[in-house]
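Worksheet for the structure shown next.
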Amino acid sequence: MKFRHQVLAAVTVLASPSLTVLEPGSATKIEPPSSLGFIIQLEPNASIEDQALHVSDVDNPEYLYGLSINAENDTDLNSLLALPQVKQVWPNRYYDRPVPVVSGRHRKTSNATVPVGVQPVHLRDVAQVANINGTSDILSSLKMTGADKVHAEGFTGKGVKIGFLDTRVDWRHPSLGAGFGPGLKVAGGYDLVGDDFVGWNDPVPDDDPLTTCLEGGHGTHVAGILAAREPKGVGFGIVGVTPDASLYAYRVLGCTGGVTDDIIMQGMEKAASDGVDLISMSIGETAVWETGSPYAPLLAKIQSQGIGIIIAAGNEGGQGLYVSSAPAQDASAISVGSVSDVVFATVYNAAGSDGSTIEYARVVPLSSSSPSSSSSEIVYNVFYGDDDDQNCVDQAWTDAIASFPDKERVITLMVWEWVPDHSDMEIDQPGYNGDIDVVRLKKAQSDKILAGIAGQGKNFTLTFKDQTVHQIEQPTGNTTLWFSTFGPTMEMSLKPQVSAPGGTILSTWVTSNGWGYAIISGTSMATPHLAGCYALIKQKYPSLSPKEIASRLQSSATPLEQYLGEGILITTAQQGAGLVNILKAITSETVFSPTKFNLRDSATPFRQNFTIENQSSAPKTYAVGHKGAAEVDALPLITTADVNEMFYWGLNFKSLYANISFSADPFTVPAGGRATVEVDIKPPSGIDPALLPTYSGFITVTDGDSEFVLPYLGIPYKRGTLPTIYTGDLENLEVETQPPAGVPVLPLISTADTGARNNDLMVFNVPAKNVPDGQTRPLDNDLVITTFIDHPSDYVRLDAVPVDLASNPAYNFTPSALGHDIGSLINCLVKKEASD
C-alpha cells in the first residue's frame, strides 16, 4: 500500500528569509575540467622550491611531503615522473559538495553549484534563532547511543579538541558559543578556500571560518551535532554529543561547487598540525578500489600521531554493494554508516475551521500573526492544487489562487510525490524551495484537509495559533537507512565499520534564515555523532590510541535488523558492527583484537583468531556465539522507472548463514589476563557466484552482563578462479548482431569510426607511426575492443595476436579452423592479486 506525501505551500513567505526563487532543477551546473592535475609525493630530501609546476604545497614532512601540480601536457608530467625526487603520483580528483538526503532521494545534481532551490545570501549582522517549547524528545539520538547517560557520568568532551572539515560554520549561533577563538566553543580553525572557490580555481584562504553564505549550513549542522549546548531561552534545548569539547573548523568548500583531493589533504594536515585529537569529515566520493589512494600515507601518519580519523561512508546506498567512497575507505579511517532516528522531532498542530486538528512537519511553526497586520491571528484559506507535480512551481501556484481575494492568506495543498506508507517523515533543508514555504503532511492529515474542503469549500480555513512542538515516531527508526552506502571495498575490506544516528537529525543551521536550525539526513550527520562518541572515550582514556578507541566503538555496537526483513540482521557491508553504543564502549572492561574479520575470497572454511583481554579486577567467564547476517547479492540490480518508489535499496537479502565453530566455549580469563580464541568460519553453500554474493555476520562474546560483537564479511567463492570477461549470450547485452556459428563469443571488435561490430573478416590498416607533427592520427581503421567485466579485477589485459600464431600456452591459444575467426584473435590475461 502507498500514499502520497502532501504539502502545504504558501505562495508568499510566512516565516522565512527573502531568497531569490529558483524553480526546481534550475540550479547552475559547473563542469570541472577534464584534468585537475596531479598530487606528487616527494622523497624526504626533495626541494619544493625547485619545482616550478606546483600549485599548492602539502609540505609538512611530519605528515606528507609533496605538492599538487597542473601538468598541461605529457611532457610536463613525464619529466616530473623522471625526477629522482618524486616518490608517488596520483590524479587530483574532484568531490561534489555534500548534499542532504530528503524525500526518499539523494538530491544531488552533478557538479551543481548549490542544491536546487538555494541561492547564496549574506548573513545578517546579528544572529537570530528560534525559541521553541513543547513535549518533543529533542535528545532522542543521544538516547539511542547512550550518550545522555555518559553525560550524566560527567563525560562531555571537556579538554578534547575536535577538528572537522566541511563548509564554514556560523560560530555566531548562540548554541555554538556565539564567538570564535581560544577559550570559546569554536576555538580555532581556518578557511582554506574562500567564498568563490568552486573546486579548481585559485583558493583565497582566510583565518576566520565564519560562514557568509547559506551553504555554510552543512558545516554549522555538523558543528551542532558535535558540540551544541543551548543557553536558556534559546532554540529547542539541543545538546551535542560532546557539548564541552573544543571545535576547530576547517573550511574546504566555497559557497558553490566542490573540492579536490589536494585541498582536503591540506585541511587534514592543518588540523593535525593544530593539535586536534580527532578529525571528522562528512565529505567523500565513490572510489570503489582502496588500493592506490593518495590518502593512505597521509592518514597513516596522522593516525600514528594519535589522531583519530572519522569519515562519512557516503549516501549512495541505492547503488548496492561495492560502492565504498574515498577517503572513508582508507584503512586508517573509521567509516560511518547512517541509522534513522526513532522520532521526527518537530511537528506542530494547525486548527481547521471545521474543528479538525492538522499535524504538519516543519522545523519551526508557521506564524500565527503578521507584524504588518493589526490582526492578532492570521487565518488562511486552503486551495486544493493540481496533482500533477509538474505544476509544483511558483507560477502555477500563483495562478491557482487567482480567484481568492486575499492572496497573501492562501495555502495550497499539493500532492508532491508518491512514497510508501511506511516511509519516514522528512522535510527539506531551509531555503531549498526558495520563497515557497513548504511543510509536509502525513496522509491522514491531508485527508482531514480534503474533508474540510469538501464540506466547506473556499470557506475552509487553517490557523496556526498553537506554537508548541511535539514528535511523531519514524517507521524505520533504529534501522540502517536506505541511502547509507554499502561496502565493502573491491578488495573486500569491511566498510563502513560502525553506524550512528544520521536520519532526520535536528541541529544548528546558519542564522540567515531567522531560525538557526534544520532537520537533514545523511551519513554527514552520523559522522559527527560517532566523532563525538570517539571524543568521549578520548576524554576518559586519553592515552588510548586511535585503533584502541576504534576497537571499543566497534566491539560494543548493537547489530540492527533489516527493515521489513522479518528479523534478519542487516549485512555488515552496510551497517558495519551496528549502531554505536557509547555507554558500553566507555564502561567496558573487556577489549578485543581484532574487532572485525575481512574474510575476502573464502570459498572454503576460514580460520580466524581473536584475543580477549579482561581489564577488570576480577575473573570473567565468557561465552562465544554467532549471529548470522543477511546474505546479499549485488546482482541483479533492482531498479524502477519511478524514482519516487525507490526509497531504499531492494537488495536480494536472504537468511543464508555461515557455520561457525570455536576452539573454546565457555572459558574464564583471570583479572588482567588474556585468552585467544580460534574461530572456523564455513561459508554458506549453494550460492551462484554470478550473482556476486556476499555473506556476513557477527561473532558474539558475552560476559554475563554485556554482549560484544566482532563483525565479519566475505564472499563464498574464489574470484581468481572465475572468468573475468563476459562470454555469455550477447542477446542479454542487447547487442543486435551475433557471431557466426562456430565462432566463440568474446570481446566485441569494431572500428573506431563507426563503432559497428563485424563478425566476419575485418582488416585493420594500422597507420604509419611517423605521423607528421600537427596532424591527427586517423581513426577510421583503428581497432576497438569492447569488453564486459563479470567479476572485479584490478587489472585486465587484452592482447590481439596473429591468427596464424602457433599454439602458445602463455595465451592458452589454439588457432581456429575458421580462418576468419575474429573471436580467436582475442585472449585475456587477468591479474587478480587483490582477490586471491
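Here the sequence shown stands for residues -22 to -1, 1 to 814, where the numbers follow mature numbering (1 follows the signal peptide of the UniProt record, and there is no 0). Where a beta carbon is used, it is the ideal one built from N, C-alpha and C, also for glycine.
Per the coordinates, the alpha-carbon of residue 342 lies some 26 Å from the alpha-carbon of residue 457.
Boundaries of the beta strand (DSSP E) around residue 339: 335 to 339.
Within the region 624 to 698, the runs of beta strand (DSSP E) that reach at least 3 residues and sit entirely inside it are, in chain order, 630 to 632, 637 to 640, 645 to 647, 652 to 660, 671 to 680, 685 to 693.
Residue 297 is not bridged by DSSP to any residue. Going by beta carbons, residue 431 and residue 339 fall outside the 8 Å limit.
Under the 10 Å beta carbon count, residue 325 is surrounded by 16 or more other beta carbons and is classified as buried.
Residue range 524 to 533 is occupied by the alpha helix (DSSP H) that includes residue 528.
In the displayed model, residue 486 falls within a strand according to three-state DSSP. The region 557 to 613 is shown to contain whole alpha helix (DSSP H) runs of 4 or more residues at 560 to 565, in chain order. With contacts defined as CB atoms closer than 8 Å, residue 256 and residue 285 qualify as a contacting pair.
For residue 631, the closest alpha carbon among the candidates 650, 642, 606 is that of 606. Closest in alpha carbon position to residue 411, among 333, 647, 491, 427, is 491. From the listed residues 644, 676, 129, the smallest Cα separation to residue 577 is found for 676. If you ignore the 5 residues before and after residue 459, its C-beta comes within less than 6 Å of the C-beta of 316, 318, 481, all in its own chain and listed in chain order. Secondary-structure assignment with DSSP links residue 544 through no beta bridge to anything. Residue state for residue 263 is assigned as strand, using DSSP reduced to three classes. With three or more CB-CB distances shorter than 8 Å, the region 471 to 478 counts as touching the region 301 to 314. Here the alpha carbon of residue 538 sits roughly 7 Å from the alpha carbon of residue 557.
Per DSSP, residue 69 is one residue of the beta strand (DSSP E) stretching across 64 to 69. The region 682 to 697 makes contact with the region 554 to 569; the number of CB pairs closer than 8 Å reaches 3 or more. Put simply, the backbone Cα of residue 580 is about 56 Å away from that of residue 327. If only uninterrupted beta strand (DSSP E) runs of at least 3 residues are considered, those enclosed by the region 435 to 505 are 439 to 441, 448 to 451, 476 to 481, 483 to 486, 495 to 498. A straight-line Cα-Cα distance of about 29 Å links residue 541 and residue 572. Under the DSSP assignment, residue 420 falls outside any beta strand (DSSP E); it carries neither an H nor an E label. Assigned with DSSP and collapsed to three states, residue 72 falls in strand. Along the region 192 to 273, the alpha helix (DSSP H) occurs as fully enclosed runs of 4 or more residues at 195 to 205, 239 to 251, listed in sequence order. Annotation: residue 139 is outside any alpha helix (DSSP H); the continuous beta strand (DSSP E) that includes it extends over 139 to 144.
The Cβ-Cβ distance between residue 147 and residue 314 does not fall below 8 Å.
Cβ contact annotation for residue 451 (same chain, cutoff 7 Å, sequence separation greater than five): 320, 321, in chain order.
Looking at 162, 553, 593, the one whose alpha-carbon comes closest to that of residue 648 is 593. Each residue's CA atom was taken as its position, placing residue 259 and residue 336 some 39 Å apart. For the set 40, 463, 417, the Cα lying nearest the Cα of residue 253 is the one of 40. In summary, residue 437 is exposed, with fewer than 16 beta-carbon neighbours lying within 10 Å of its beta-carbon over all protein chains present. The continuous alpha helix (DSSP H) containing residue 552 extends over residues 550 to 553. Buried is the label assigned to residue 602, since at least 16 other Cβ atoms lie within 10 Å of its Cβ. Spanning the alpha carbons of residue 64 and residue 182 requires a straight line of approximately 28 Å.
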